[in-house]
Amino acid sequence: MTRPESDRQRLIMVGAGGMARAWIRRFLPVHADRVEIVALVDIAPEPLVEQGDFLGLPANRRFARMEDAFEAVDADCCAIVIPPAAHRWAVELAAARGLDILSEKPLADSWEDSVAIYRAVKAAGVKMQVMQNYRANPPILTLKQVIESGRLGRSYYIVSRFAADYRRRNAWGATFRHEMRHAILVEGSIHHFDQIRNLSGADCATIAGWEWNPGAPSFDGECLTLYTMQMTNGTFAQYEGTGLAGGWQNNWHNEYYRVECEGGAVVVDRDQVVRIYEHERGRGLRIEEVPPVPVEHGGHTAVIGQFLDWLAGGSTPPTHLDDNLQSTAMLFGAIEASARSETVNVAALVAAARA
Ligand SMILES: NC(=O)c1ccc[n+]([C@@H]2O[C@H](COP(=O)([O-])OP(=O)(O)OC[C@H]3O[C@@H](n4cnc5c(N)ncnc54)[C@H](O)[C@@H]3O)[C@@H](O)[C@H]2O)c1
-6 MTRPESDRQR LIMVGAGGMA RAWIRRFLPV HADRVEIVAL VDIAPEPLVE QGDFLGLPAN
54 RRFARMEDAF EAVDADCCAI VIPPAAHRWA VELAAARGLD ILSEKPLADS WEDSVAIYRA
114 VKAAGVKMQV MQNYRANPPI LTLKQVIESG RLGRSYYIVS RFAADYRRRN AWGATFRHEM
174 RHAILVEGSI HHFDQIRNLS GADCATIAGW EWNPGAPSFD GECLTLYTMQ MTNGTFAQYE
234 GTGLAGGWQN NWHNEYYRVE CEGGAVVVDR DQVVRIYEHE RGRGLRIEEV PPVPVEHGGH
294 TAVIGQFLDW LAGGSTPPTH LDDNLQSTAM LFGAIEASAR SETVNVAALV AAARA
């Protein structure tokens, strides 16, 4: 049953482009009884018209400048679905208005902006969650369930791989991804770093490795990455991220994760089937497919639901700002590690940001 409009969270939607289109048409409508879009912002006229018309918003609820929307419209919360370089400005405006915030990953495109966001949100006392939708996908929930069941014993290390064939310019959806610095890390690896934290059940202590561009014409910025991480619980992780994959693909939703444990390994590859591998000398290798954990909603829809539950007084969601700062620090620690060819203390970065 649809609840009275006054019960619904009034949300300012910042962004009407590629991902925002999916938020507006697919993810938010699932929660239509709890949230309504009261204003829409985009600097580009075309998506503003397209999504504004879809929503049936009057002209005075459509804005080219986010500061005008925050000034003119009464709201309870906002969603930020614009490129990372503009996240800080949006968060600072929303926080200053006392609005709770659900933002697309990554928090920002620099550590400086990420820390500024953290401080603005803390100073305003508003709630903020970051969209790390991959945590809520069935293969990952299944993988995590196997790890947490204890069947394979202690986890030793995690190996993860993202590999997409973006060897053609603009193959990665939006132009900005092919023009920005640190493209794979900032726009891609933040998901995988967050997943490594999720699967290891720990934060990152240190990170070492490199990002580079071997001269690929499809990217202005870095598009190959290899990193090794030490987690705070003694687990380790290794990560490969490539935007130039000419072979085996582990693209979005088809990433590879292997958790090596005392009693075996649990793996998910591009077919999204979770398999347990158990070897015994003399008997050989036993492979078992694990049925997926059933979920009503996965990905974005699930995370938006967590955010709305939180606003309604429910529990703090897993990817709230304080938690996400840890994944964000891995990202900018990775950039620094590559630039200096040194191991970076990620825990120290987080501690400094919180000081
Ligand atoms: N969670 C996921 O799986 C996932 C997938 C894709 C993108 N994203 C994230 O979503 C965000 C947006 O990416 P996208 O793919 O939609 O990009 P996009 O380029 O398709 O759309 C971005 C939109 O933002 C608008 N915009 C840019 N600067 C603005 C500003 N200052 N004020 C208002 N509007 C502005 C642009 O005009 C454009 O319409 C990024 O943070 C990206 O990382 C997340």
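For reference, each letter of the sequence shown is one residue, going -6 to 348 in the working numbering.
In this text, a Cβ means the ideal position worked out from N, Cα and C, and glycines have one as well.
(Q) When you compare the segment 316 to 336 with the segment 179 to 187, are there three or more beta-carbon pairs, one atom per stretch, that lie closer than 8 Å? (A) Yes, since at least three Cβ pairs between the segment 316 to 336 and the segment 179 to 187 fall closer than 8 Å, the two stretches touch.
Q.
Tell me which residue opens and which closes the alpha helix (DSSP H) that A341 is part of.
A. Counting from one through the sequence shown, the residue named residue 341 turns up at place 348. DSSP places A341 inside the alpha helix (DSSP H), whose first and last residues are V339 to R347.
Q) Can the beta-carbon of A72 be found less than 8 Å from the beta-carbon of V7? A) Here residue 72 refers to the residue found at position 79 when the sequence shown is read from its first residue. Here residue 7 refers to the residue found at position 14 when the sequence shown is read from its first residue. Against a cut-off of 8 Å, the Cβ pair of V7 and A72 comes out as a contact.
Q.
Quick test of the definition: if touching needs 3 or more C-beta pairs under 8 Å, does the segment 2 to 19 touch the segment 292 to 311?
A. yes
Q: Please confirm whether A101 and P77 have their CB atoms less than 8 Å apart.
A: Mapped onto the sequence shown, residue 101 falls at position 108. Mapped onto the sequence shown, residue 77 falls at position 84. With a cutoff of 8 Å on beta-carbon distance, A101 and P77 are scored as near each other.
**Q.** DSSP state of M(-6) mapped onto helix, strand, coil
**A.** Walking along the sequence shown from the start, residue -6 turns up at place 1. With a pLDDT of 48 at M(-6), under the threshold of 50, the modelled position of this residue cannot be trusted, and the question is left open.
Q) Around the Cβ of Q242, are there at least 16 other Cβ atoms within 10 angstroms (buried) or fewer (exposed)? A) Indexing the sequence shown from 1 puts residue 242 at position 249. With fewer than 16 Cβ atoms within 10 Å of its Cβ, Q242 is classed as exposed.
Q: Taking 8 Å as the threshold, find out whether the segment 156 to 172 comes into contact with the segment 191 to 200 through three or more Cβ pairs.
A: At 8 Å Cβ cutoff, the stretches do not touch.
Q. Roughly how many angstroms separate the alpha carbons of A195 and R144, rounded to a whole number?
A. Residue mapping note: residue 195 aligns to position 202 of the sequence shown, counting from 1. Residue mapping note: residue 144 aligns to position 151 of the sequence shown, counting from 1. Distance between the alpha carbons of A195 and R144: 19 Å.
Q) Is the beta carbon of A340 less than 8 Å from the beta carbon of Y111? A) Mapped onto the sequence shown, residue 340 falls at position 347. Mapped onto the sequence shown, residue 111 falls at position 118. No, the pair does not count as a contact, with Cβ atoms beyond the cut-off.
**Q.** Rounded straight-line distance, which links the Cα of C70 to that of L95
**A.** Within the sequence shown, numbered from 1, the residue matching residue 95 stands at position 102. Within the sequence shown, numbered from 1, the residue matching residue 70 stands at position 77. Rounded to whole angstroms, the separation of the alpha carbons of C70 and L95 is 8 Å.
**Q.** Contact test: N126 Cβ vs ligand 1 heavy atom, cutoff 7 Å
**A.** Within the sequence shown, residue 126 is the residue found at index 133, counting from 1. Yes, the Cβ of N126 comes within 7 Å of a heavy atom of ligand 1.
Q. In whole angstroms, what separates the C-alpha of A113 from that of N130?
A. Taking the sequence shown and counting its residues from 1, the one referred to as residue 113 is at position 120. Taking the sequence shown and counting its residues from 1, the one referred to as residue 130 is at position 137. Approximately 30 Å, taken between the alpha carbons.
Q: In the DSSP assignment, find the unbroken beta strand (DSSP E) run with L134 in it and report its ends.
A: For the purposes of this step, residue 134 is identified with residue 141 of the sequence shown, where counting begins at 1. Careful: L134 lies outside any beta strand (DSSP E), inside the alpha helix (DSSP H) at P131 to S142.
(Q) Below 8 Å on the Cβ atoms is my contact criterion, and I expect S153 with Y232 to pass it. Report the Cβ-Cβ distance as a whole number of Å. (A) Residue 153 sits at position 160 when you count from the first residue of the sequence shown. Residue 232 sits at position 239 when you count from the first residue of the sequence shown. At roughly 5 Å, the Cβ-Cβ gap stays under 8 Å, so S153 and Y232 are in contact.
Q) Going straight from the alpha carbon of I30 to that of V283, what length do you get? A) For the purposes of this step, residue 30 is taken as the residue at position 37 of the sequence shown. For the purposes of this step, residue 283 is taken as the residue at position 290 of the sequence shown. Distance between the alpha carbons of I30 and V283 is about 39 Å.
(Q) Considering just the uninterrupted stretch of the beta strand (DSSP E) at M121, what are its terminal residues? (A) Taking the sequence shown and counting its residues from 1, the one referred to as residue 121 is at position 128. Counting along the chain, the beta strand (DSSP E) containing M121 begins and ends at M121 to M124.
Q. Start and end of the alpha helix (DSSP H) containing V114?
A. For the purposes of this step, residue 114 is taken as the residue at position 121 of the sequence shown. Note, V114: alpha helix (DSSP H), W104 to A117.
Q | Three-state secondary structure (DSSP) of I189 | A | Along the sequence shown, read from residue 1 onward, the residue named residue 189 stands at position 196. Looking at I189 - three-state DSSP - the assignment turns out to be helix.
Q.
With distance defined between alpha-carbon atoms, name the residue in T228, R170 and N247 nearest to I75.
A. Residue numbering aside, residue 75 sits at position 82 when the sequence shown is read from its first letter. If you compare the alpha carbons of T228, R170 and N247 with that of I75, the shortest gap goes to R170.
Q. Since Q265 is in the alpha helix (DSSP H), which residue starts that stretch and which ends it?
A. As a working mapping, residue 265 is identified with position 272 in the sequence shown. For Q265, no alpha helix (DSSP H) run applies, since DSSP gives it neither H nor E.
Q.
Am I right that I5 and V66 are in contact with their C-beta atoms under 8 Å? What's the rounded C-beta distance?
A. In the sequence shown, the residue the question calls residue 5 occupies position 12. In the sequence shown, the residue the question calls residue 66 occupies position 73. That pair is a contact at about 6 Å.
Q | Inter-residue Cα distance where the pair is P207 and L304 | A | For the purposes of this step, residue 207 is identified with residue 214 of the sequence shown, where counting begins at 1. For the purposes of this step, residue 304 is identified with residue 311 of the sequence shown, where counting begins at 1. Approximately 46 Å, taken between the alpha carbons.
Q. Under three-state DSSP, which class holds S320?
A. Translated into positions along the sequence shown, residue 320 becomes position 327. It is helical.
Q: Work out the CA separation of L237 and L258 for me, nearest whole Å.
A: Residue numbering aside, residue 258 sits at position 265 when the sequence shown is read from its first letter. Residue numbering aside, residue 237 sits at position 244 when the sequence shown is read from its first letter. The displayed chain sequence assigns Ala, not Leu, to residue 258. Straight-line Cα distance between these residues: approximately 28 Å.
Q | Collapsed DSSP secondary structure at H352 in the structure displayed | A | There is no way to answer for residue 352, as the model of the chain reaches only from -6 to 348.
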